[in-house]
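Position one of the sequence shown corresponds to residue 21 (our numbering), numbered consecutively onward.
Every residue gets a Cβ at the ideal spot worked out from N, C-alpha and C, and that includes glycine.
Here the structure is a predicted model, which is why all the values come from computation and not from measurement.
Just below is one structure, and these are the notes that go with it.
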Amino acid sequence: MKDYLRKYISLSEDYTLKGSEEKQFLFSLKIPGNKFFLTEEQFDFLCMCNGQKTVNNLLNNYEKESRQNIYSFIENLINIDAVCFNSFSCEKILEKKSVKEPRLQAVHFEITNNCNMNCLHCYHGEKLNSKEDLPFAKIHDLIKEMKKLQVEIVAIGGGEPLCRKDVFDIMDLIEENEMRISAFFTNGSLITNTIVDRLKKYRSHFAVYVSLDTFDPNGMIFRGFNEETGKSVLDKVINGIKILVNAEIPVIINTVVNKYNINQLSKMYDFIRDLKVKSWRIGFPKRTGSFKKNMEKIEESWEEIAKACLSILQQHLEIGRPFHIQIEYLYREELFANFEELSDNSFVCDYELRREGCCIKPDGNVVSCAYCTDIPIGNICIDSLEKIWYSPSMQSVKNIRVCDVKECHDCPMKSICGTGCRINAYFLHKDFLNAKDDYACAAIKFFIEKVKPLLKKYDIISLI
């Protein structure tokens, strides 16, 4: 006889139920990627696992032939530590709620415009340090609504989130409302042992994304500092990264290629590898925010950036890929493992949960992605997040298909690039829906001619 039959069963603290009217899931609040589709019978069973009934009590609701399925289901739950058994009754409230599709699954929440840096490329532009941050009471209500909408993950960004004194109160509230913190974005200069000790206490296993564009104090001009002040701040950033790594918190370095670092990328590679971070993400500046007025100072040609990134990729492959690396437009290893060309009916935003997510700005503006600062779709101080998410304006963006982008109709490469990034098309041509993303056009040509042969040489890719 199974030893748990007389015990009271409840869902563990590390799992919750999420879902829409059409799909229900068992969702891990601790481990990224642990999300299990449930049948209607399994979902109904878990809704009864509130700690107030024994397994035997619950089995009385099922016919004899169905009980074996329940036994198997419970064993699977035990294997992933999704249920708890107690000798006495307890109460765990499980609300059997669902929302309509498409469900909002991911939120990038920029909790403050305040920052202790003044980066020349910052997409916040004039809003940086504008003191328009939402008060905690409004954020409290917003997080409660996110729970109601069945949001799964929340990424924390800014500005610099550590400039906000109640940052940990906000993060606590997210976890208390059964959502997983998926990422924490910082410039790294305020990271201390005390901060890291606090980050490690969270149930969510999230990575910390640190912005690092140079290892030379002269390059800190890109972050708004002169050589003298830049050295002090750079030392703090590097020390912060080391503290995070030593605490075994996954660190992902974000680097924006610009005139000040393009000739340093090879040395930066060695420097970042020695820091023992989890990943290095290399991106290009976007023509928005502060970057628009600083373009002449910092913008390097796309061709030169592509050549420099190719050199980095070659260096990375030659020494056996000692850590993870991602290069915007040109190299994302995860895509190569199960690559499928896109059809005309594929969604343009169907990438890294972007079709299922949105960004909430510090002043309450809701945008389709973080770079769409100048194209707000609504504001939570005026309308509910639910109304904004399901609005025709938001869903028209999320439902753009490859075939909808008119200037890409005749391009044979659209099945690979997916028409590129719509916000880049907007920055370049002021046309979000129809225009080409010129960077993507150049990138796909460069990829075919230069990157693909390199990847085939190292047996990474055999497609296209």
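Buried or exposed (CB count within 10 angstroms, at least 16 for buried), residue i
| i | result |
| --- | --- |
| M166 | buried |
| D153 | buried |
| F1 | Outside the shown range of the chain, which is 21 to 484, sits residue 1, and nothing can be said about it. |
| E316 | exposed |
| S86 | exposed |
| Q88 | exposed |
| A445 | buried |
| G53 | exposed |
| C110 | exposed |
| P181 | buried |
| K456 | buried |
| T393 | buried |
| K117 | exposed |
| N76 | exposed |
| I176 | buried |
| E106 | With the sequence shown as reference, residue 106 is identified as Asn, and Glu is not the correct amino acid for it. Answer is exposed; the Cβ neighbour count stays below 16. |
| G250 | buried |
| I98 | exposed |
| P473 | exposed |
| S209 | buried |
| V385 | Per the sequence shown, residue 385 should be read as Asn rather than Val. The residue in question, N385, is buried, as its Cβ has 16 or more Cβ neighbours within 10 Å. |
| G398 | buried |
| I339 | exposed |
| N281 | buried |
Residues near residue i by beta carbon distance below 6 Å, same chain, minus five either side
| i | result |
| --- | --- |
| C69 | I29, S30 and L31 |
| Y349 | A463 |
| E247 | P237 and N238 |
| N207 | M137, E180 and S231 |
Alpha carbon of residue i to alpha carbon of residue j, nearest angstrom
| i | j | result |
| --- | --- | --- |
| D4 | Y478 | The requested residue 4 does not occur in the structure, where the chain is confined to residues 21 to 484. |
| M414 | R26 | 50 Å |
| W300 | T74 | 49 Å |
| P342 | H144 | 34 Å |
| K470 | E196 | 49 Å |
| E324 | C67 | 57 Å |
| G179 | I332 | 29 Å |
| A267 | Q170 | 32 Å |
| N274 | N81 | 53 Å |
| K287 | C104 | 51 Å |
| L78 | F108 | 15 Å |
| L362 | V422 | 8 Å |
| R293 | I468 | 28 Å |
| F447 | I215 | 37 Å |
| S92 | E33 | 21 Å |
| P488 | E172 | Outside the shown range of the chain (21 to 484) lies residue 488, about which nothing can therefore be said. |
| D192 | L475 | 43 Å |
| D424 | V387 | 20 Å |
| E60 | T234 | 52 Å |
| K120 | K298 | 37 Å |
| V271 | H344 | 11 Å |
| T132 | K381 | 8 Å |
| R243 | N314 | 12 Å |
| C401 | F359 | 41 Å |
| I20 | F156 | Because residue 20 is not part of the residues shown, which for the chain are 21 to 484, the question remains open. |
| G438 | K418 | 14 Å |
| R123 | C378 | 11 Å |
| Q62 | I408 | 32 Å |
| M199 | I443 | 28 Å |
| K306 | K279 | 14 Å |
| I318 | N149 | 22 Å |
| V174 | G71 | 28 Å |
| Q335 | D383 | 43 Å |
| F452 | S366 | 17 Å |
| E320 | Y289 | 19 Å |
| K256 | K147 | 25 Å |
| N283 | Y229 | 23 Å |
| M21 | E41 | In this prediction, M21 scores a pLDDT of 46, lower than 50, which makes its location untrustworthy; the coordinate-derived value is nonetheless stated afterwards. Cα to Cα, the separation comes out at about 37 Å. |
Contacting residues, own chain, Cβ-Cβ under 7 Å from residue i (five flanking each side not counted)
| i | result |
| --- | --- |
| K426 | N454 |
| Y35 | L46, F47, S48, L49 and A102 |
| R218 | F188 |
| S404 | E165 |
| M15 | The displayed coordinates of the chain run from 21 to 484. Any statement about residue 15 would go beyond what the structure contains. |
Close Cβ partners of residue i (< 8 Å) along its chain, the five nearest in sequence each way excluded
| i | result |
| --- | --- |
| K450 | none |
| C329 | V277, L285, I302, I347, L350 and Y351 |
Contact with chain C by residue i, beta-carbon distance below 9 Å
| i | result |
| --- | --- |
| A175 | Although the question refers to chain C, the structure presented lacks it and comprises just one protein chain. |
The stretch 352-367 touching the stretch 306-316, judged by at least three CB pairs closer than 8 Å: Contact fails between the stretch 352-367 and the stretch 306-316, because fewer than three Cβ pairs, one in each stretch, are under 8 Å apart.
Contact between the stretch 126-138 and the stretch 423-438 (3+ Cβ pairs under 8 Å): Taking 8 Å as the limit for Cβ pairs, the verdict is that the stretch 423-438 does not touch the stretch 126-138.
Length at least 3, wholly inside the stretch 138-182: the beta strand (DSSP E) runs in chain order: Listed in chain order, the complete beta strand (DSSP E) runs (minimum 3 residues) inside the stretch 138-182 are 173-177.
Continuous beta strand (DSSP E) assignments of at least 3 residues falling wholly in the stretch 208-282: Uninterrupted beta strand (DSSP E) stretches at least 3 residues long and entirely within the stretch 208-282 occur at 227-231 and 271-276, given in chain order.
Beta strand (DSSP E) segments (min. 3 residues) lying fully within the stretch 58-106: With a minimum length of 3 residues, the continuous beta strand (DSSP E) runs that stay inside the stretch 58-106 are 70-74 and 103-106.
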